[in-house]
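Data block below; observations after.
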Amino acid sequence: MRPDLLHILQHSLGLDQYGRGTFYRNRFVTGEGSVDHADCMALLELGFMSRVANVKLFGGSDCFTVTDEGKQAAVANSPSPPKISRSKQRYQDYLDADCSMTFIEYLRYRDRRAS
């Protein structure tokens, strides 16, 4: 799959560039003449998207949604995430925790919970 088509599927579903996420949305709004419209039409032809044309809520643009086949294709064609070191993973876990602790406080808290 072309990278630009994969990017549209990932963006439509709220996935990152590695296909990770929770499918928290399912739409891509674009109008005729825009850069992405032709790519969305190509995905429509492949059966990966469906289209509602000329939506007044979106100023007359088209609203594309990803089909079940498109969801499978987005996950199957996404590259694997790069390997990261243990220390970088530990810091990423801290960022993902989104807590009010400093990094060292988080590490101490995590170590107490593990023992």
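Residue numbers 4 to 118, in this note's numbering, belong to the letters of the sequence shown in order.
We put the CB at the ideal spot given by N, CA and C, even for glycine.
Practice prompt. Just confirm the distance between the C-beta atoms of Leu16 and Lys74, as a whole number of angstroms; I'd bet it's less than 8 Å.
Written response: 7 Å
Worksheet item: Going straight from the alpha carbon of Arg93 to that of Ala117, what length do you get?
Response: 14 Å
Worksheet item: From which residue to which residue does the beta strand (DSSP E) around Arg54 run?
Response: Met52 to Val58
Worksheet item: So who's on the other strand from Val32, going by DSSP bridges?
Response: Cys66
Worksheet entry | beta strand (DSSP E) runs wholly inside the stretch 79-104, at least 3 long, in chain order | none
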